[in-house]
Amino acid sequence: MEWPVFLGIETSCDETGCGIVSGEGEVLAGVVASQVAEHERFGGVVPEIASRAHAEAIVGVIDRSLAKAGMEPGDIGVVAVTAGPGLIGPLLTGIAAAEGFAGALGIPLIPVNHLHAHVYGTGVAGGVEPPYTGLVISGGHTAFYRWEEGQEAPQLLGTTVDDAAGEAFDKVAKILGLGYPGGPAVEKAAAHGDAWAVKFPRPGVKMEGLRMSFSGLKTAVLYHVREMGREPDAVEKADIAASFQRAVAEALALKSARALEETGHRTFVAGGGVAANGAVREALAGACRETGVRIVLPEAGMAGDNGVMVAQMGRFMYNKGLWISPAGAGIKPYAGGEERMQRGRRR
Ligand code: KG4
Ligand code: ZN
Numbered sequence: 338m339e340w341p342v343f344l345g346i347e348t349s350c351d352e353t354g355c356g357i358v359s360g361e362g363e364v365l366a367g368v369v370a371s372q373v374a375e376h377e378r379f380g381g382v383v384p385e386i387a388s389r390a391h392a393e394a395i396v397g398v399i400d401r402s403l404a405k406a407g408m409e410p411g412d413i414g415v416v417a418v419t420a421g422p423g424l425i426g427p428l429l430t431g432i433a434a435a436e437g438f439a440g441a442l443g444i445p446l447i448p449v450n451h452l453h454a455h456v457y458g459t460g461v462a463g464g465v466e467p468p469y470t471g472l473v474i475s476g477g478h479t480a481f482y483r484w485e486e487g488q489e490a491p492q493l494l495g496t497t498v499d500d501a502a503g504e505a506f507d508k509v510a511k512i513l514g515l516g517y518p519g520g521p522a523v524e525k526a527a528a529h530g531d532a533w534a535v536k537f538p539r540p541g542v543k544m545e546g547l548r549m550s551f552s553g554l555k556t557a558v559l560y561h562v563r564e565m566g567r568e569p570d571a572v573e574k575a576d577i578a579a580s581f582q583r584a585v586a587e588a589l590a591l592k593s594a595r596a597l598e599e600t601g602h603r604t605f606v607a608g609g610g611v612a613a614n615g616a617v618r619e620a621l622a623g624a625c626r627e628t629g630v631r632i633v634l635p636e637a638g639m640a641g642d643n644g645v646m647v648a649q650m651g652r653f654m655y656n657k658g659l660w661i662s663p664a665g666a667g668i669k670p671y672a673g674g675e676e677r678m679q680r681g682r683r684r
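Count along the sequence shown from 1, then add 337; that gives the number in our numbering.
In structure tokens, the structure reads:
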């Protein structure tokens, strides 16, 4: 049997992504157009601006992906697109492009949960398939998954009850006046700081099971700065950034060890923008090393939102018969919630 080529589209937040993978999972192309410049002066993602930027970028991003892969639209056999969770306007832009592409060619269409894609895409790149324990650490979500062999979708084990890990990085960057996007800015500042300079609470470690919380830590940073009664200088900012980063990394490592204990898995896969963070990667690797668990982390540039992970997740779902006809009812975007994932139709 000859497997089709998969095209994945990702527009859930502020990156317009397209990826092309072969039926065997080989990455043929990946293009991401970032909107950082558009949102920078507002200090965060503005949904309406994001929607418009996606609409302007999407055709060019798809064209560039096809050119990179040396392909024509007719060479694509299946289109996968992020249906959620994400910002509704941006999602609708990607979905419209995917429906148009699949509809014009009369090929299967697959609505993908982009959190599952963060984990699965990272796993494929690292050469692993379920069973494994997954962790998504992104700007909107922080969640653990149990993904057993043969399962159509992973089971959600636990999530943050308030802010996501990436959101905490973004807010702390704002408090320290480090700019947007916050994660890379905090990491850069932290590189020159003393991670033991300020004692922040390790977020959520006292919470039961795999529940997490990051808003208390962000507030602790805010109060620390307020109590100083003046703007911290560059050295103090570096110390605060490094101490905050250590608190996040340690909490994630502790909860990851707990998740692995619960699942009994021997493989751990972490994805999402925060998985690019060096301190977080080190802490997670440390937690796995202790118990001899194999860890798979995203390659450079593949932690954040991208189209390749969506194409890989589409391939996974297609092989399970979870696809819909492009002439069907249309994909409904969803902001959050696992249960609202729209299921494809079995062949
Ligand atoms: O997965 P992603 O690209 O988009 C979402 O699905 O949200 O993750 C974006 C998040 C942002 O909060 C960003 O600040 C954070 O990932 N991030 C980082 C780093 N790079 C991106 N956080 C910490 N350290 C980084 N190097
Ligand atoms: Zn994401």
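Glycine included, each C-beta is placed from N, C-alpha and C at the ideal position.
Note that the structure is a prediction, hence the values are computed from the model and not measured.
With 16 other Cβ atoms within 10 Å as the buried cut-off, status of residue i
i, result
"Q492", "exposed"
"R680", "Because R680 carries a pLDDT of 43, less than 50, the predicted location of this residue cannot be relied on, and the following value inherits that uncertainty. Under this definition R680 is an exposed residue."
"M565", "exposed"
"Q488", "exposed"
"V558", "buried"
"M338", "Residue placement at M338 is poorly supported in this model, since its pLDDT is 49, which falls under 50; the coordinates still yield a value, given next. Burial call: exposed."
"F653", "buried"
"V415", "buried"
"F379", "exposed"
"Y560", "exposed"
"K543", "exposed"
"R583", "buried"
"G345", "buried"
"V449", "buried"
"E676", "Note that E676 scores 42 on pLDDT, short of 50, meaning its location in the model is unreliable; the coordinates nonetheless yield the value given after this. That one is exposed."
"R683", "For R683, the pLDDT reaches just 39, beneath the cut-off of 50, and the residue's location in the model is therefore unreliable, although a value from the coordinates is still provided. Counting Cβ neighbours within 10 Å, R683 comes out exposed, since fewer than 16 surround it."
"P663", "buried"
"G443", "exposed"
"P445", "buried"
"E347", "buried"
"V373", "exposed"
"A439", "buried"
Cβ pair residue i, residue j closer than 9 Å
i, j, result
"W340", "G356", "no"
"F343", "A435", "no"
"V535", "I474", "no"
"E636", "A454", "no"
"S349", "G431", "yes"
"A616", "V585", "yes"
"L621", "A640", "no"
"V498", "V509", "no"
"A624", "A579", "no"
"M646", "Y457", "yes"
"I632", "I447", "no"
"I451", "T479", "For the record, residue 451 in the displayed sequence is His; it is not Ile. Taking 9 Å as the Cβ cut-off, H451 and T479 do not qualify as a contacting pair."
"G610", "D642", "yes"
"V398", "G644", "yes"
"K511", "G520", "no"
"Y655", "P422", "no"
"F506", "F537", "no"
"E587", "R618", "no"
"E466", "E486", "yes"
"D351", "A390", "yes"
"G362", "Q649", "yes"
"T459", "T600", "no"
"G381", "A370", "no"
"E409", "Y517", "no"
"L547", "L634", "no"
Ligand 3 heavy atom lying under 8 Å from the CB of residue i
i, result
"A622", "With respect to ligand 3, the structure shown offers nothing to examine, as its ligands consist of ligand 1 and ligand 2."
DSSP bridge partner residues for residue i (one or two, in chain order)
i, result
"C355", "I346 and V368"
"P448", "V418"
"V558", "The partner list for V558 (beta bridge, DSSP) is empty, contrary to what the question assumes."
"R567", "DSSP lists no partner for R567."
"V496", "The identity of residue 496 in the sequence shown is Thr, whereas the question assumes Val. T496 pairs with A480."
"M549", "T497"
"Y469", "W484"
"I386", "Its beta-bridge partners do not exist; DSSP assigns none."
"A474", "The sequence shown places Ile at residue 474, rather than the Ala named in the question. Answer by DSSP bridge pairing, in chain order: T479."
message = Does the structure place the region 397-404 close enough to the region 362-380 that three or more beta carbon pairs sit under 8 Å?
response = yes
message = If we require 4 or more residues per run, which alpha helix (DSSP H) segments fall completely within the region 580-645?
response = 615-628
query = Pairing CB atoms from the region 588-607 with CB atoms from the region 626-644, are three or more of them under 8 Å?
reply = yes
inquiry  = Extract the residue ranges of the alpha helix (DSSP H) inside the region 357-383, only unbroken runs of 4 or more that lie entirely within it.
reply    = 373-376
message = Assess contact between the region 497-504 and the region 544-557, defined as three or more Cβ pairs (one per stretch) separated by less than 8 Å. Is contact present?
response = yes
request  = Any chance you could list the beta strand (DSSP E) runs of at least 3 consecutive residues sitting entirely within the region 398-437, in chain order?
outcome  = 415-421
query = Does the region 414-429 come close enough to the region 377-390 to have 3 or more Cβ pairs within less than 8 Å?
reply = yes
key: the region 572-585 contacting the region 527-544, beta-carbon criterion three pairs below 8 Å   = yes
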